[in-house]
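*Asks:* Protein sequence lines, in the order shown, are assigned to chains A and B.
Going by my numbering, the letters in the first sequence line up with residues -3 to 277, in that order.
Going by my numbering, the letters in the second sequence line up with residues 16 to 311, in that order.
A virtual CB, placed ideally from N, CA and C, is assigned to each residue, including glycine.
Would you mind keeping the following structure in view while I ask a few things?
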Amino acid sequence: MSRQASEKIAFAILTILAVVVVVPIVLVVVYIVVQGIGAVNWEFLTAFPRNGMKEGGILPAIIGTVVLTFGTAIVSIPIAVGAAIYLAEYARDTWLTRSIRLAIINLAGIPSVVYGLFGLGLFVLFMGLGTSIVAGSLTLGLMTLPVVISTAEEALLAVPQRIRVVSRSLGATRWQTVRQVVLPNALPGILTGVILGLERAAGETAPILFTVAAFYLPQLPRSPLDQTMALPYHLYVISTQVPGMPLEVQYGTALVLLVMVLSMNLVATIIRSRFRRRRQW
Amino acid sequence: MKQRREFLIETLIRLAGFSAIFFVALIFLFLLREGAPAFWETSLGNLFGQRWYPNEDLFGTLPLILGSLLVTAGAVVMALPLGLATAVFIRELAPNWLREILKPLIEVLAGIPSVVLGFLGMVAIAPLVRETLNVPTGLTAFTGSLMLAYMALPTMISVAEDAIDAVPKDYRDGALALGATHWQTIWRVVLPAGRSGVIIAVMLGIGRAIGETMAVMMVTGNAARIPREWYALFLPVRTMTATIAAEMGEVAQGSTHYHVLFAVGILLFVVTFLINAIASLVVIRGGPRRGGRLMG
């Protein structure tokens, strides 16, 4: 067989495998939209569940996920952005810095259900926060740290060195340079990282299983020490624990969760591509 | 005054930087605190025994460990060729406009919550598996592997892409100048030069797959049995993660069962820690040859 013929065959196989990867992604999204769209209406989005969750809406689960996402942001943004600034602007290449990087890589690899165990052990039981929004937000916040740190650090490192040099040579201190020159330039990139981290947190189920999620609550949470329902857990519950659940309601819930999460993804993508276009270096 | 404020801020930044180490240690410490009693409350023979039946105080974790391994191995075997091929396709074959569509699409896959994939796996994929393979239930290890393969793909593709990207352009030019076809260049030069990236892709894929919880719990049938048969891939299994997620909600705090579930958590922590530590060492070792940064 000639080299050209074997190249043709190899490229054909590569293309087929790529199609096998990509087509199911489109199918999954389209299938959930088609199956679930019929269940989604105004009542579904704004009412409490009724009749053993088989009728009514999923409002408390939606609100719960929004609240948890905000809680996660409050926990993770300051620590993650601080850590990224440290790694990009302050840290020298020492064994300590290398250990920090190793720790971040390992934080990223810890299974989400282990974060759940940890949250249960430390926040819920040891600190006595109980199954609460605070405990859930702390758990999810820790889990999102590595994603946000890595993307934020990358955004900071993408700011050209010469900008820092000019700022320092004009007499600015290191922190003034970071605060007034580097951070504003890196902000879109940092924001992208934050949104991607929160997107992951919003869709997670395992970390909230034992730290915050409630099977069913007749009212919305009133304080950070209350439990709350949450969309991912609600989908798990109605698809495995409630017999006789109408399939359309399950698909509808999956659709709402998917739309929430993927719209965050879309926002992050838009910020990133705008930023790339505007960037001058 | 200004100096003092600046000093305070820089101290906080430093603390935030060190926090990652602190959190890893804290997580390990609390897993140990809740999980260690399992080792004296029950015998080692029981812990590594073949039967997981907590109601009768049988805490054999072997079926769970083997279940996790089986599902993970299946996932990696499926994901590796798909991920590599897709990465090569995106980097070497796809025209620009197609690349601009493929990249966000793969990010969409990374963004789909695992509970959504699990749900879909349960109601749509499992019946398909049952009919196609003619097995009694579609909730099998294979179904779990299939879901996991797709969940591991975004990580694998992006690591493999970085590795391909990091192969110096000179290598490629040299091969082409010697008369190699594009495919020969990819197969004989680019892929071998980027092999440490491929190893990392596999390891991170394993790490991702072994820790995945919800999708696996929903589609693997959750039967804690030792996969002995050659066709065990097409029978129900139960993984470590699924066991924790399914049972932790119902156990009494402080009971042996509770401690054992934390001990399973310790095992998961240690395994993923090792996988990631070794993968990052490979990065450092393969470092000088390439310019790109492989991981955050």
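Quick one: residues in its chain with C-beta nearer than 7 Å to the C-beta of V15(A), no 5 flanking neighbours on either side, listed in chain order?
*Replies:* Numbered from its first residue, the first sequence carries residue 15(A) at position 19. Nothing meets the Cβ criterion.
*Asks:* Below 7 Å between beta carbons: does that hold for G126(B) and E195(A)?
*Replies:* Position 111 of the second sequence holds residue 126(B). Position 199 of the first sequence holds residue 195(A). A contact, by the Cβ cut-off of 7 Å.
*Asks:* CB-CB under 7 Å to L192(A), same chain, minus the five flanking residues each way: which ones, in chain order?
*Replies:* Counting from 1 along the first sequence, the entry for residue 192(A) is found at position 196. For L192(A), where only same-chain residues beyond five positions count, the Cβ hits under 7 Å are V143, T147 and A264.
*Asks:* Name, please, each residue of chain B whose Cβ falls closer than 7 Å to the Cβ of R(-1)(A).
*Replies:* What you label residue -1(A) is simply residue 3 of the first sequence in a count that begins at 1. Per Cβ cutoff of 7 Å: T196 and Q199.
*Asks:* Could you tell me whether the Cβ atoms of P220(A) and I129(A) are closer together than 7 Å?
*Replies:* To locate residue 220(A), count along the first sequence from 1; it is residue 224. To locate residue 129(A), count along the first sequence from 1; it is residue 133. Going by C-beta atoms, P220(A) is nearer than 7 Å to I129(A).
*Asks:* Just checking: is the beta-carbon of G301(B) within a distance shorter than 7 Å of some beta-carbon in chain A?
*Replies:* Walking along the second sequence from the start, residue 301(B) turns up at place 286. Since pLDDT at G301(B) reaches only 48, below the 50 mark, its modelled position is unreliable, and the value read off the structure follows with that caveat. Not an interface residue.
*Asks:* Taking the C-alpha atoms as reference points, what is the distance between P151(B) and R145(B)?
*Replies:* Taking the first residue of the second sequence as position 1, residue 151(B) is located at position 136. Taking the first residue of the second sequence as position 1, residue 145(B) is located at position 130. Those two C-alpha atoms are separated by around 7 Å.
*Asks:* Can you have a look at F211(A) and say buried or exposed, based on whether 16 or more other CB atoms are within 10 angstroms of its CB?
*Replies:* Stepping through the first sequence from its first residue, residue 211(A) is reached at position 215. Exposed, by the Cβ-count rule.
*Asks:* Any idea what DSSP makes of G236(B), helix, strand or coil?
*Replies:* Taking the second sequence and counting its residues from 1, one reaches residue 236(B) at position 221. Looking at G236(B) - three-state DSSP - the assignment turns out to be strand.
*Asks:* Kindly say whether F206(A), judged by its beta-carbon, lies nearer than 7 Å to any beta-carbon of chain B.
*Replies:* Locating residue 206(A) in the first sequence gives position 210, where the first residue counts as 1. Yes - at least one Cβ of chain B is within 7 Å of the one on F206(A).
*Asks:* Under the three-state reduction of DSSP, which class applies to V252(B): helix, strand or coil?
*Replies:* Residue 252(B) sits at position 237 when you count from the first residue of the second sequence. Reduced to three states, the DSSP call for V252(B) is strand.
*Asks:* Quick check: what's the CA-CA separation for V91(B) versus A100(B)?
*Replies:* Walking along the second sequence from the start, residue 91(B) turns up at place 76. Walking along the second sequence from the start, residue 100(B) turns up at place 85. Roughly 14 Å between the two C-alpha positions.
*Asks:* Along the chain, where does the alpha helix (DSSP H) that runs through L125(A) open and close?
*Replies:* As a first step, residue 125(A) must be located in the first sequence, where it is residue number 129. Counting along the chain, L125(A) falls outside any alpha helix (DSSP H), and DSSP gives it neither H nor E.
*Asks:* Is the distance from the Cβ of A226(A) to the Cβ of A57(A) below 7 Å?
*Replies:* Here residue 226(A) refers to the residue found at position 230 of the first sequence. Here residue 57(A) refers to the residue found at position 61 of the first sequence. Contact flag set, yes.
*Asks:* Could you tell me which of R66(B), E176(B) and A247(B) sits nearest to L154(B), measuring between CA atoms?
*Replies:* As a first step, residue 154(B) must be located in the second sequence, where it is residue number 139. Answer by Cα proximity: A247(B).
*Asks:* Mind listing the chain A neighbours of F284(B)? Cutoff is C-beta to C-beta under 7 Å, in chain order.
*Replies:* As a first step, residue 284(B) is located in the second sequence; it is residue number 269 there, counting from the start. The answer, in chain order, is I106 and V110.
*Asks:* Considering only residues of the same chain and omitting the five flanking positions on each side of Y186(B), which have a CB-CB separation below 8 Å?
*Replies:* Translated into positions along the second sequence, residue 186(B) becomes position 171. Correct list, in chain order: V204, V205 and A208.
*Asks:* State yes or no: is the beta carbon of I234(A) nearer than 7 Å to at least one beta carbon in chain B?
*Replies:* For the purposes of this step, residue 234(A) is identified with residue 238 of the first sequence, where counting begins at 1. I234(A) does not count as touching chain B.
*Asks:* Taking a contact to mean a Cβ-Cβ separation below 7 Å, would you say V275(B) touches A88(B) in this structure?
*Replies:* Within the second sequence, residue 275(B) is the residue found at index 260, counting from 1. Within the second sequence, residue 88(B) is the residue found at index 73, counting from 1. No; because the gap between Cβ atoms is not below 7 Å, this pair is not in contact.
*Asks:* Taking the Cβ atom as the reference point for each residue, do L231(A) and V231(B) lie within a distance shorter than 7 Å?
*Replies:* Residue numbering aside, residue 231(A) sits at position 235 when the first sequence is read from its first letter. Residue numbering aside, residue 231(B) sits at position 216 when the second sequence is read from its first letter. Not closer than 7 Å, so no.
*Asks:* Distance, Cα to Cα, G212(B) vs L95(B)?
*Replies:* On the second sequence, residue 212(B) is found 197 positions in, with the first residue counted as 1. On the second sequence, residue 95(B) is found 80 positions in, with the first residue counted as 1. Each residue's Cα considered, the two are about 12 Å apart.
*Asks:* Going by DSSP, name the residue or residues bridged to G52(A).
*Replies:* By 1-based counting over the first sequence, the position of residue 52(A) is 56. BP columns for G52(A) point to P45(A).
*Asks:* According to DSSP, T224(A) sits in a beta bridge with which residue or residues?
*Replies:* Locating residue 224(A) in the first sequence gives position 228, counting from the first residue. Its beta-bridge partners are A209(A).
*Asks:* Mind checking if W91(A) is an interface residue toward chain B, Cβ cutoff 7 Å exclusive?
*Replies:* Within the first sequence, the letter at position 95 stands for residue 91(A). Not one chain B Cβ lies under 7 Å of W91(A).
*Asks:* With a CB to CB cut of under 6 Å and the five nearest residues on each side skipped, what residues in its chain are close to L312(B)?
*Replies:* Past the boundaries of the shown model lies residue 312(B); chain B is included only from 16 to 311, so the question cannot be answered.
*Asks:* Does the structure place the region 246 to 253 of chain A close enough to the region 15 to 35 of chain A that three or more beta carbon pairs sit under 8 Å?
*Replies:* They touch, by the three-pair rule.
*Asks:* Consider the Cβ of A182(A): report whether some Cβ of chain B lies at a distance smaller than 7 Å.
*Replies:* The count along the first sequence starts at 1 and reaches residue 182(A) at position 186. No, A182(A) lies away from the interface with chain B (no Cβ there is under 7 Å from its Cβ).
*Asks:* Quick one: any contact between the region -1 to 19 of chain A and the region 97 to 117 of chain B, if contact means 3 or more CB pairs under 8 Å?
*Replies:* Output reads yes: the region 97 to 117 of chain B touches the region -1 to 19 of chain A.
*Asks:* Please report the distance separating the alpha-carbon of L116(A) from that of R66(B).
*Replies:* Locating residue 116(A) in the first sequence gives position 120, where the first residue counts as 1. Locating residue 66(B) in the second sequence gives position 51, where the first residue counts as 1. Taking the straight line joining both Cα atoms gives about 26 Å.
*Asks:* So, V155(A) versus V178(A), is the Cβ gap smaller than 7 Å?
*Replies:* Residue numbering aside, residue 155(A) sits at position 159 when the first sequence is read from its first letter. Residue numbering aside, residue 178(A) sits at position 182 when the first sequence is read from its first letter. Going by C-beta atoms, V155(A) is nearer than 7 Å to V178(A).
*Asks:* I believe A31(B) touches Y82(A) by the beta-carbon criterion, under 8 Å. Please report the beta-carbon distance rounded to the nearest angstrom.
*Replies:* For this step, residue 31(B) is matched to residue 16 along the second sequence. For this step, residue 82(A) is matched to residue 86 along the first sequence. Confirmed, Cβ separation roughly 6 Å.
*Asks:* In chain order, which alpha helix (DSSP H) runs of at least 4 residues are fully inside the region 101 to 126 of chain B?
*Replies:* Qualifying alpha helix (DSSP H) stretches, in chain order: 111 to 126.
*Asks:* Who does L73(B) pair with in a DSSP beta bridge?
*Replies:* For the purposes of this step, residue 73(B) is taken as the residue at position 58 of the second sequence. Answer is Y68(B).
*Asks:* According to DSSP, simplified to helix, strand and coil, what is E3(A)?
*Replies:* Sequence index remark: in the first sequence, residue 3(A) carries index 7 (1-based). Three-state result, E3(A): helix.
*Asks:* Can you give me the start and stop residues for the alpha helix (DSSP H) that R102(A) sits inside?
*Replies:* Here residue 102(A) refers to the residue found at position 106 when the first sequence is read from its first residue. Checking the displayed sequence, the identity of residue 102(A) turns out to be Asn instead of Arg. Element bounds for N102(A): W91 to G105.
*Asks:* S(-2)(A) by DSSP, collapsed to three states: which one?
*Replies:* Reading the first sequence from its first residue, position 2 is the one you call residue -2(A). The answer is coil: DSSP assigns S(-2)(A) none of H, G, I, E or B.
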